[in-house]
Amino acid sequence: MTPLHFDIGQGRTLDLTPDRLVIAGWTGRDAAAIHHHIEELAAIGVPRPSTVPLYYRVACTQLSQQPVVEVLGEASSGEVEPVLVRAQGRWWLTVGSDHTDRAVEAYAVDVSKQLCPKPLADQAWAWDELADRADALQLHSEIEEGGRWVRYQQGTLAQIRPLASLVAGLPADVPVADGLVLFCGTFGALPDAQGRGVRPAARMRLQLTDAASGRHITHAYECRTLPRVA
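Laid out in structure tokens, this is it:
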């Protein structure tokens, strides 16, 4: 497995070789918001989930901290998510993108998640030092459209189920042990002028903000598109 490296502040680095990647889906805290996101994706053909939340298992080889990732075709896009990383016997918080093939998602969500790299920032914060104010943490993303950056998502962790509850709800065959990476869900996309929410994008910027301390974790990545052939 490819090791992950995180700057955890004060000149310290956290090194981790991941061995399990779980992506929690449909994690909205508000039932109406969950329904909106389900309908938003249903509008582009994505099957409705069998239960909420839902835990998808993905190969941890898909994790990438690189500024460029490779995807097949032009029908993929990302979603900003808080990400919990288990290392040194504790949880660490960072930000990532559940980059997904939207064409494949229309018939098999689990397959679509497996097909794309999962970009991840190279900074992390100790979760236990900010868990008591987690709801105030802010997430936003931007995508490049028409040669300019536009706001794609905006919200706080208060819109997502408490991360501790997502950990508690992990399936029995997913041990909470060093090497586990858990993507914790997202919220809907802001519509463009044509009313489209979730949509393909080749470049994305992510940010997690702790206003109380003035800290930010950011990550930007670009998709190198591989041609589809038959």
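When we follow this note's numbering, the leftmost residue of the sequence shown carries the number 25, and every step to the right adds one. Note that the Cβ used here is the ideal one computed from N, Cα and C, for glycine as well.
- With fewer than 16 other beta carbons inside 10 angstroms of its own, V200 counts as exposed.
- Excluding five sequence positions before and after P195, the CB atoms of its chain that fall closer than 7 Å to its own CB belong to Y79, given in chain order.
- As computed with DSSP, E169 is found in a beta bridge with R172.
- Scanning its chain for C-beta atoms nearer than 7 Å, with the 5 sequence neighbours on each side dropped, one finds around A48 the residues P77, Y79, L190, L206, F207, C208, G209, in chain order.
- Per DSSP, R223 is not a residue of any alpha helix (DSSP H), being assigned neither H nor E.
- In the three-state scheme derived from DSSP, where H, G and I count as helix and E and B as strand, A56 is classed as helix.
- F207 has I47, V107 as its beta-bridge partners, per DSSP.
- In the structure shown, V93 adopts extended strand secondary structure according to DSSP, grouped into three states.
- Note that the C-beta distance between S101 and P251 is not below 8 Å.
- A distance of 8 Å or more separates the beta carbons of A130 and G97.
- For E246, the pairing in a beta bridge is given by DSSP as V92, R227.
- Here T85 carries a helix assignment [DSSP, helix/strand/coil].
- Between the alpha carbons of P42 and G219 lies a distance of about 38 Å.
- Under the DSSP assignment, L161 falls outside any beta strand (DSSP E); it carries neither an H nor an E label.
- R185 places its beta carbon 8 Å or farther from that of T75.
- For S121, the enclosing beta strand (DSSP E) stretches over residues 114-121.
- In the structure shown, the three-state DSSP call for S136 is helix.
- Leaving aside the five residues that flank D134 on each side, the residues in its chain whose CB is nearer than 7 Å to its CB run, in chain order, Y80.
- Its Cα nearest to that of D216, the residue E166 stands out among L87, G35, E166.
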